[in-house]
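Colleague: There's a structure below that I have some questions on.
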Amino acid sequence: MRNAAINRKTRETDIELSFNIDGTGKFEIDTGVGFLDHMLELFTRHGRFDLAVKCKGDLEVDAHHTVEDIGIVLGSAIKESLGDMKGIKRYGSFYLPMDETLCLVALDISGRSYLHFEAEFLTPMLGSMASELVKEFFFALSRSADINIHIKQIHGENAHHVAEAIFKGFARALDEATIIDERIKGEIPSTKGVI
Ligand SMILES: [Mn+2]
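All you need for the working numbering is the position in the sequence shown, starting with 1, plus 367.
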């Protein structure tokens, strides 16, 4: 089974998360940040993962620690559930259109974290969550998952659509990259023999 369950508690957040790469799109998500719940739900559904997240964060400050720490824990869960990475496709990319918006997400499960993030939010807030936290989420996730992620908004203007296109595009790209390719026959997809 390619899955992981991680609990992480700090003075800022208390997170219980379980993740299954080979899921069916089932989710049970309560982060206390409505917009983040929405994004994680559609990430789960579009990637055909299963995801449960419960978070008690210091929302009396703002949503920053909650969004960032869930990015850290989800990234760790992705990495742990991939295990030795044998047989995975490794690369994935998706152009995700959402009404007037188009975003590209391309990623490499390389063992080396990197984030390129090029998207503009025309409103400062997405519900109770600052728009700038979308980048923080993916920065945290890329570091703890050791994944190279490039996110680029091609065009579009509605901030809700831009965020949604990024999360859905990430889900589709991650699904593609983590699929077991039968032709690879359990090899690690690197000429170095290690990721
Ligand atoms: Mn929406």
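We treat Cβ as the ideally placed atom computed from N, Cα and C, and that holds for glycine.
#1: Please classify L500: is it buried, with 16 or more other beta-carbons within 10 angstroms of its beta-carbon, or exposed?
#2: Going by the DSSP bridge assignment, what does A371 pair with across the sheet?
#3: Tell me which residue opens and which closes the alpha helix (DSSP H) that G401 is part of.
#4: Do you know how far the Cα of G459 is from the Cα of K519?
#5: According to the Cβ coordinates, are N515 and R479 closer than 8 angstroms?
#6: To the nearest angstrom, how far is it from the Cα of D417 to the Cα of I388?
#7: Output the boundary residues of the beta strand (DSSP E) element that contains A473.
Modeller: Taking the structure as given:
#1: That one is buried.
#2: F386
#3: G401 to G414
#4: 14 angstroms
#5: yes
#6: Note on geometry: alpha-carbon atoms of D417 and I388 lie some 7 angstroms from one another.
#7: T468 to D475
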